[in-house]
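Each residue of the sequence shown is one higher than the one before, starting from 143 at the first, in the working numbering.
Virtual Cβ for every residue (Gly too), placed ideally from N, Cα, C.
Worksheet: one structure, shown below.
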Amino acid sequence: MSKKSLDKFFASLASARTEEEVKFAYAKYFDLDYDTSHRHDLYHKQVFFEFKSNKNFHNLKTRATTLAQTLYYIHRLKFGGDAEQPVPYQLCMADQNEAIITETLLWKDFYSDEGGKYDWDLAPSSPDPNLIDDLASTPLVRNIRVYDVQNTSAFEVFAAKLTIQLDPQQILWGDKKIVNEENFEDVFKYWNEVFGEAVRNGTKPSRYFVADIQEGHSRYFASESKVMFNVGDQVWKEKKILSRDYEHFWSIYDRVQDPEIVRGVLAKIDRLTDDTLRRFYGEFFTPVKFARKALDYIAKTVGKDWWKSGEYRLWDMAAGTGNLEYGLPSEAWPYCYMSTIYDEDVEHCKRLFRGAEVFKYDYLNDDVENLFQSLDFGFSWKLPQKLRDDLANPNIKWIILINPPFATSQKAGLNHGDSKEGVSSTKVRELMHEANLGEVSRELFAQFLFRIKREFAGKVSHLGLFSKIKYLNANNDQKLRDKLFHFSFEKGFLFSSANFSGTSKSNQFPVGFLVWNLGEACRIEQQEILLDIFDENVQKIGIKRVTTENRERFLSKWIERPAATISFPPFGSAITLKADNDDRRDRVAEGFLASLMCAGNDPQHQNNTALLSGPYVSAGALSVTPENFEQAMVVHAVRRIPKANWLNDRDQFLQPNTELSQEFINDCTVWNLFSNSNQTASLRDVEYEGRTYQIRNHFFPFPIADVKKWKIDDSQIAESLSTGEDAYVAKWLADQELSSEALSVLRKGNQIYQYYFENLGQIPTTKFKIENWDAGWWQIRNALGDVNLGKEMITELKALHGELREKILPDISRYGIL
């Protein structure tokens, strides 16, 4: 490289402030043709790069941490997907000042761990601390050479070494990738793309593939560009395959040595050419990648290779197409029961899970009388005799693995696209009604749990349950928790519903897989439930504590709801009356200040939270009065401030765990005044039910004495001041000591209000029904925005409003509200 190029490289590094800028400098200087499509930092077939920003690799802990992150990617390349990408021969880690280059195979003992020692579920950016500690303690890491790349001579040595490794003439792979039961489908897909056309003639390509991955079952003749395949019973078939392609593929992969893996692949090979495989990725079915992860959590609970002891049986009584069992090795199938109500699913599973007991069965209707009423007097059972014998055997331990349908009434659930008339009208539902379980008995999910509890009473059994997590904390599921679900939590994880094909990306919610011990009775409220959180790549991105409280502790039960007895016009929005609803709710309480709309008790109802100057037209609102004003201000703010997302969608707002500070209450109140959901307004001569109403805005924040000093560019509104009096909020604020953040918001708001009054002649007052001096924030903000006035001031207010939000947010958690 020329001195000019080197100077540019040094200058780029010196000015770099992010990892991306460091990456760009290296890619440009070394002319790297790289790939980042698989979330690698910078992948090159011969060198794997990990870039950092100003990390100081001379520090041992930093060096070990960066290497650990890199080894996560190498582990993924060796054992997981990215089937066409070889494991690079060298690893390079670099920041603005230092760089390291090391041979991949030196670290094989670390990245070859298959989960026995290190947690490979974690995202590479947050590697297992045990791996970091182990790396830091090895002499290899302590003695690794760190190049000071800002030093010209040191950089030249490093650059020369890296250039050699990047030379396409010297193709060296770092470590061979493996083929096993878990990744063979991805490997086959790559193999078939390269060799499929060459072998496609009478015998399925998958048969050639199985022969090729076994040592001694294919013979390669490089000089003739041909391969002989043993496709079964010592029948050898010759195929012409280009030497360069064949040698390249087998320079990346190791052939399978373990006969157990070969048997497992052979048992599953029909999946590779089964047209119905598409159903595993179809609408509403459990994503296979998360089903595989569920099997890992089962194994962590009851033991790895649980089937080998012969003590365990697995029953999936809503098996569908077998997605949940898809990742099980074939040797586990004889210990599995899979039942479903659809004939086509039974036939499908029989083809795919040879040796498993697959049968048609309606778990919510079949044999219900026999099980619950002990009517074993010659009555026939639909359960297979083999399953009945195992259920009667006290030495058999059970794993119930299930994603029950989430249908309620006519609503279809996650794992089947059908929606049937009377879908929840089952025999089990009738029994739940008799047990006084109320509305929850309409849910098929709860009906499955009801029978499972009876079926496995007194047995050693674990329930692995895919479901929404509302049964843990939702208001409507309180009876389920009180009367039925008394199981002991073992472990589990969460992921977004967006991973289900056919579900809404804009209305995501958490789906959980939780493992419960059915033999240990314990109320959910008494347990600590910590769930791993996985992203769409099944990488662990955090841990969530799910808080379960009795609904009497919900925030919705905290605020006083005064009796509404006074007729008043009902509102549908800030300035819109809605008098045509069947359920109008046109009553307010004595001392009415505003209506607090607060339907539901979780973040998914965030948009159903607002303040209005009349009663909200539908259910889920209450009258704000002087007696409950401060509580109402807290409720509105804490329901609006946390950003609703898929992870907190089903969390419940709880009552504060200690007395709230006045500063917190004040901050919430000021934040509310300038929130978009503050839709309080002032309206003149509102006609409703034969009466005329004057709608006051009790949330006007400034004293009328101050307003009278302002320039008011509208004589009618100026005149309305003569009969005005301070709004409730203005008087309340006068008695409070505000935080600096709240004061900043209020002062900026004061500037905007004055600007609004000065420019009344330029804004569409009629459009926003502005006729009185005490117009609401919603009216003022939208009227100014309609003619693009005060834009800069409103932007400044938004920034200050955001700072106040950031101040309030941690207190919401500190007080245990969310």
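I want to know whether the region 292-303 touches the region 230-246 - three or more CB-CB distances under 8 Å.
yes
What span of residues does the alpha helix (DSSP H) with K962 cover, start to end?
It is not possible to answer for residue 962, since the shown part of the chain is limited to 143 through 960.
So, with DSSP's three-state summary, where would you put P230?
Looking at P230 - three-state DSSP - the assignment turns out to be strand.
Any idea if H558 is buried or exposed, counting beta-carbon neighbours within 10 angstroms, 16 or more meaning buried?
Unreliable positioning characterises H558 in this predicted model, as indicated by a pLDDT of 40, which lies under 50. The coordinate reading is nonetheless provided below. Label assigned to H558: buried.
What span of residues does the beta strand (DSSP E) with H604 cover, start to end?
H604 -> beta strand (DSSP E) spans 603-610.
Quick check on DSSP: helix, strand or coil for F713?
strand
Check the DSSP bridge columns for I242 and list the partner residues they point to.
Within the DSSP secondary-structure output, I242 pairs in a beta bridge with M235.
Near F252, which residues of its chain fall below 6 Å by C-beta distance, leaving aside the five closest residues on each side in sequence?
L213
At the level of alpha carbons, what is the spacing between W333 and F351?
7 Å
Of the listed residues P266, F191, F391, nearest to M235 (C-alpha basis):
It is F191.
If D677 and I683 are in contact, beta carbons under 8 Å, what's the gap, nearest whole angstrom?
Sure, about 5 Å apart at Cβ, within 8 Å.
Whole angstroms is fine: what's the gap from T834's alpha carbon to V828's?
Linking T834 to V828 through their CA atoms gives a straight-line distance of about 5 Å.
So, for D856: in the same chain, excluding its five sequence neighbours on each side, which residues have a beta-carbon less than 6 Å away from its beta-carbon?
L902
What is the DSSP secondary structure of R421, reduced to helix, strand or coil?
Reliability of the predicted coordinates at R421 is poor, the pLDDT of 40 falling under 50, and no value is obtained from them.
Which of helix, strand or coil DSSP assigns to I936:
helix
Quick check on DSSP: helix, strand or coil for A433?
helix
Taking C-beta to C-beta, are F432 and V680 nearer than 9 Å?
For F432 and V680, yes; Cβs fall inside 9 Å.
4 or more residues per run - each alpha helix (DSSP H) lying fully within the region 886-931:
919-928
Out of D744, R889, E499, state which residue places its alpha-carbon closest to the alpha-carbon of F651.
D744
For D674 and R159, the rounded distance between their alpha carbons
32 Å
N- and C-terminal bounds of the alpha helix (DSSP H) containing W333:
For W333, the uninterrupted alpha helix (DSSP H) segment begins and ends at 326-341.
Rounded to whole angstroms, what's the CA-CA distance from Y503 to G462? Just pull it up for me.
Between Y503 and G462, the C-alpha separation is close to 11 Å.
Would the beta-carbon of P843 fall within 9 Å of that of A872?
yes
Considering only the alpha carbon of each residue, which of N285, S267, F152, L277 lies closest to S295?
That would be F152, whose Cα lies nearest to the Cα of S295.
Mind checking whether T345 and V373 have CB atoms under 9 Å apart?
yes
Which residues in the same chain as R530 place their Cβ atom closer than 7 Å to its Cβ, once the five residues preceding and following it in sequence are excluded?
W523
Excluding the 5 residues preceding and the 5 following L815 in the sequence, name in chain order all residues of the same chain whose CB lies nearer than 6 Å to its CB.
P843
Taking N618 as the reference, which of L513, R593, E585 has the closest Cα?
Nearest neighbour of N618 by Cα position, chosen from L513, R593, E585, turns out to be E585.
When you compare each of F363, Q232, L875 to D317 by their alpha carbons, which one comes out closest?
Q232
Thinking C-alpha only, which one of K621, N507, S882, V283 is nearest T568?
N507
Close beta carbons around M775, own chain, < 6 Å, minus the five adjacent residues each side
Counting only Cβ-Cβ distances below 6 Å, and skipping sequence neighbours, we find C810, T811, N814.
Are the CB atoms of A210 and D263 nearer to each other than 9 Å?
no
Tell me the DSSP secondary structure of T664 in three-state form.
Just to set this straight, residue 664 is Cys in the shown sequence, not Thr. In the structure shown, C664 sits in coil (DSSP, three-state: anything other than H, G, I, E or B).
Can you give me the C-alpha to C-alpha distance between G918 and I959, rounded to a whole angstrom?
29 Å
Going by CA-CA distance only, name the one from T204, K446, N808, N465 that's closest to F608.
N465
Throw me the rounded Cβ distance for the A752 and Q794 pair, which I believe falls under 8 Å.
Going by Cβ atoms, the distance from A752 to Q794 rounds to 20 Å, so no, they are not a contact pair.
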